[in-house]
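Numbering (our numbering), first residue to last: 3 to 208.
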């Protein structure tokens, strides 16, 4: 199916409402898809608060346990009970990767993205930490929309399955801050709007 200048019916879950994260609007000659920050919805704020509490609790528990192991090993003068390389690796993981996890959570909370589909191009604008990145992809270069398990950027999404647009053999990720159901709805809307198929990693249509 080729793009014909008309856009699909907007799904009910994407319509404008106080709690909507994904809002789709069709205008003459274009379709606009907006992914709003998690902090703009009550449910999103609850999820973020719960995630922050669980993450903080895990870090504090891990740090306390590692402190006990270091103290015991240093008092005994050896680390036969718990191998030193493993202990050092866990300490680095808690000390370095835990702060990165909090940074990722903050990015997930405030990130927003807009996708505009026009007859000749798809424009993806992503804003994170007040930095905006805009990508414009000619429609003729769009091969398909792909749901993939490949580790695509951005790293802070924490998502297992990613959504990307395939162009000239490369994958351009989008909707990083959207949940699984939101990603599927976004992918279906974009597939219908552009006339390009939605496929998985094995090339099968979804």
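Where is the CB? At the ideal position from N, CA and C, for every residue including glycine. None of the values given here were measured: they were computed from a predicted structure.
Requested in this report: Name the residue from 146, 74, 122, 63 whose alpha carbon lies nearest to the alpha carbon of residue 193.
Outcome: 146
Query - CB contact flag (residue 68, residue 81, <8 Å) - result: no
**Report entry** Status (buried if at least 16 other CB within 10 Å, exposed otherwise) for residue 152
**Finding:** exposed
Query raised in the report: Excluding the five sequence neighbours on either side, which residues of its own chain have a C-beta within less than 6 Å of the C-beta of residue 106, listed in chain order?
Result: 158
Query raised in the report: Do residue 208 and residue 149 have their CB atoms nearer than 8 Å?
Result: yes
Report task. Report all residues from its chain with a CB closer than 7 Å to the CB of residue 5; omit the five preceding and five following residues, and keep chain order. Result -> Per-residue confidence for residue 5 stands at a pLDDT of 41, beneath the threshold of 50, marking its modelled position as unreliable; the derived number appears in the next sentence. So the list reads 121, 141, 196, 197, once near-sequence residues are dropped.
Query raised in the report: Which of helix, strand or coil does DSSP assign to residue 85?
Result: coil
Report task. Compare the beta carbon distance of residue 40 and residue 110 with 8 Å and say whether it is the shorter of the two. Result -> yes
Requested in this report: In angstroms with no decimal places, state the Cα-to-Cα distance between residue 172 and residue 30.
Outcome: 30 Å
Query raised in the report: Between which two residues does the alpha helix (DSSP H) containing residue 105 stretch?
Result: 100-112
Query raised in the report: If you draw a straight line from the alpha carbon of residue 178 to that of residue 75, how long is it in whole angstroms?
Result: 43 Å
**Report entry** DSSP state of residue 162 mapped onto helix, strand, coil
**Finding:** coil
Report task. Could you pull out every residue in the same chain whose Cβ sits closer than 8 Å to the Cβ of residue 47, ignoring the five residues on either side in sequence? Result -> 40, 41
**Report entry** Rounded Cβ spacing between residue 118 and residue 27 (contact assumed at less than 8 Å)
**Finding:** Going by Cβ atoms, the distance from residue 118 to residue 27 rounds to 10 Å, so no, they are not a contact pair.
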